[in-house]
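First up is the structure itself, then whatever we jot down about it.
In the working numbering, the protein residues as written are 19 to 407.
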């Protein structure tokens, strides 16, 4: 077969449609276009604006047809643009075509929070997705077909991840917005919604679905009142359920281990199940999701650790002098320069090691797993590691 470069060389002297067909064929064969990356940018550089627009239209339709023949659903962006000196300079600097340079110009004009340097490396498909997500009409720019999101988890999945994390049901949220965006060098879904009188903001990695950041804010009406909630929208929320359970047990959030919450339907009544451990005990709560009433609470003793020492909790250690789980967590997170609400699977365990007691702390952030060992008396980091998941 013909290589991509040969195809380009052979185009000279052919009529335009034959040349374009050959080029598209070669791009599909060589894997430049497929169902994951299905966007093509056409830039018409014409001295005669009207002719340029006609040609742009003609080529868009033509290429869409050619792609259909290869059973690829294409997304075609076309523009009539004469690269100015600044765009030529940018194209050189980032080693991209002047067509792509003027396309990025469009994007940056629409959304000044996006940095040119950040998006220069993105595929035309990603740039197409970002432009379409902003829903702006752009003069001289034409869109056909839908840009593929098959390389990403998709809006539906992003919503699900956020709802699950917030402990809310799809039917209970209001003002839901999902937008594909570009932050810190990666494609992300921004998911925003209201639930009761709280506003939730999530940033979710578009490739792997990791929650990169989330914020919960109280929202109040303009007169300082809390907006009224409609029926079916009056659950207290996972955060409040945790607080009720912890208040009842008399602990603060940072001082318990293995804290988790589940939202479930028990015989037609929605409840939050809250579990956590503290010292030698495991606590389990069932809390009415509407009223916040504690329906059931259980405390059970955990089996002693099988580390041959009996359980360090019950040995005659100067326990009163230990820094405590919460402090140990803080030391590890501070060292990793991460906030508690931005890490996943946070675990703290206290163990005896040779002649001292340590806190073992583990958590995950992004694609990394962190492990710390911290001296229970002095709070010194004995050992730590960060590895890729």
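Virtual Cβ for every residue (Gly too), placed ideally from N, Cα, C.
Could you give the DSSP three-state label for residue i: helix, strand or coil?
i	result
residue 343	helix
residue 56	coil
residue 112	helix
residue 313	strand
residue 134	helix
residue 35	helix
residue 396	coil
residue 355	coil
residue 369	strand
residue 321	coil
residue 331	In this prediction, residue 331 has a pLDDT of 44, which is less than 50 and means its spatial position is unreliable; nothing more can be read from the coordinates.
residue 306	strand
If you follow the beta strand (DSSP E) that residue i is in, where does it begin and where does it stop?
i	result
residue 93	93 to 98
residue 88	Careful: residue 88 lies outside any beta strand (DSSP E) and carries neither H nor E.
residue 216	216 to 223
residue 199	192 to 201
residue 401	399 to 406
residue 129	Unbroken run through residue 129: none, as it is neither H nor E.
residue 377	374 to 383
residue 279	275 to 284
residue 160	159 to 162
In chain order, what residues of the same chain lie with their CB nearer than 6 Å to the CB of residue i, ignoring the 5 residues before and after it?
i	result
residue 317	299, 301
residue 192	212
residue 293	278, 302
residue 401	391
residue 267	301
residue 288	307
Taking 8 Å as the threshold (C-beta atoms), are residue j and residue i in contact?
i	j	result
residue 397	residue 344	no
residue 207	residue 184	no
residue 291	residue 280	yes
residue 375	residue 275	no
residue 79	residue 35	no
residue 162	residue 94	yes
residue 91	residue 56	yes
Can you name, in chain order, every residue of its own chain whose Cβ lies under 7 Å from the Cβ of residue i, other than the five neighbours on each side?
i	result
residue 132	125, 126, 200
residue 360	231, 383
residue 59	95, 117, 118, 121, 142
residue 223	204, 206, 230
residue 168	53, 54
Got a sec, what are the start and stop residues for the alpha helix (DSSP H) residue i sits in?
i	result
residue 264	256 to 267
residue 226	From DSSP, residue 226 is part of no alpha helix (DSSP H); its letter is neither H nor E.
residue 145	142 to 151
residue 188	Here residue 188 belongs to no alpha helix (DSSP H), and DSSP marks it neither H nor E.
residue 175	173 to 184
Which residues in the same chain have their Cβ closer than 8 Å to the Cβ of residue i, if we skip the five residues on either side of it in sequence?
i	result
residue 250	Its pLDDT being 43, under 50, residue 250 is placed unreliably by the model, and the measurement read from it follows with that caveat. Cβ neighbours of residue 250 beyond the five flanking positions: 189, 190.
residue 395	336, 339, 340, 341, 374, 375
Mind checking if residue i is an interface residue toward chain D, Cβ cutoff 8 Å exclusive?
i	result
residue 63	The structure shown contains no chain D, having only a single protein chain.
**Asked** For the 8 Å Cβ check, are there 3 or more pairs between the region 82 to 101 and the region 39 to 53?
**Response** yes
**Message:** Measuring CB atoms only, is the region 212 to 221 touching the region 348 to 362, in the sense that at least three cross pairs come out at less than 8 Å?
**Reply:** no
**the region 69 to 79 touching the region 88 to 100, judged by at least three CB pairs closer than 8 Å** = yes
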